Amino acid sequence: MATKYHNLSDYDKNLMPPKAFVSDKHFAVVVADWNSNVTFALLEGAVSALCDNGAKESAVDVFHVPGTFELTYAAAKLQQHGVYDAIIVIGCVIQGDTPHFDYVCQGVTQGITQLNAEAVAPVIFSVLTTNTMEQALDRAGGRLGNKGVEGAVTAIKMIYNFAEIKK
């Protein structure tokens, strides 16, 4: 997780599953277009990390939604298809002057939690919820790394750790 002491892009590549395991997996990445200067950088980090760890670029499907709140609906629809080994949702909500921030953050968090509790494939939460744009940029390729990379690493590890259970 992100802290001021830990760069999100740092992970031990020796602890990753073999690339051969990842090479036949199919990933969906759902990205919110709102705050695209942040979310598109997270998307780039996620796709790069998936490919760096053995995923074929043709096996990474990217879906765009208008905002973070819509991530849950898109992930639920993708879950229904049953073709994805993992779904990564990417969004960015920045605190403003109204309670809108609270409603969006709570809604998407509860929605993704519900999907994970009921679904076959993991839905990875790569949603930034920050107080400022600077904090978001720090986590989208800035001084704290890229939470999209973290989402990709998490997706790979989750499918690897639970691959035997699916059989």
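The opening residue of the sequence shown carries number 567 in the working numbering; numbering runs sequentially from there.
All C-beta atoms in this analysis are idealised placements derived from N, C-alpha and C, irrespective of residue type, glycine included.
What you are looking at is a predicted structure, and each value in this text was computed from that prediction instead of being measured.
Buried or exposed for residue 584, going by 16 or more other Cβ atoms inside 10 Å?
So residue 584 counts as exposed.
From the DSSP output, in three-state form, read off residue 708 for me.
Three-state result, residue 708: strand.
I'd like the span of the beta strand (DSSP E) that includes residue 692, first residue to last.
It spans 689 to 696 - the beta strand (DSSP E) in which residue 692 sits, taken as one unbroken run.
Quick check for students: name the residue ranges of the alpha helix (DSSP H) that lie wholly in the stretch 609 to 661, counting only runs of 4 or more.
Whole alpha helix (DSSP H) segments, 4+ residues: 637 to 647.
Starting from residue 598, follow the beta strand (DSSP E) in both directions and report where the run begins and ends.
Looking at the DSSP string, the run of the beta strand (DSSP E) that includes residue 598 is 593 to 598.
May I have the straight-line CA-CA distance separating residue 684 from residue 645, to the nearest angstrom?
Residue 684 and residue 645: Cα-Cα distance of roughly 10 Å.
Our contact map puts residue 594 next to residue 633 with C-beta atoms below 8 Å; I'd like the distance itself, whole angstroms only.
No, residue 594 and residue 633 are not in contact; Cβ-Cβ is about 18 Å, not under 8 Å.
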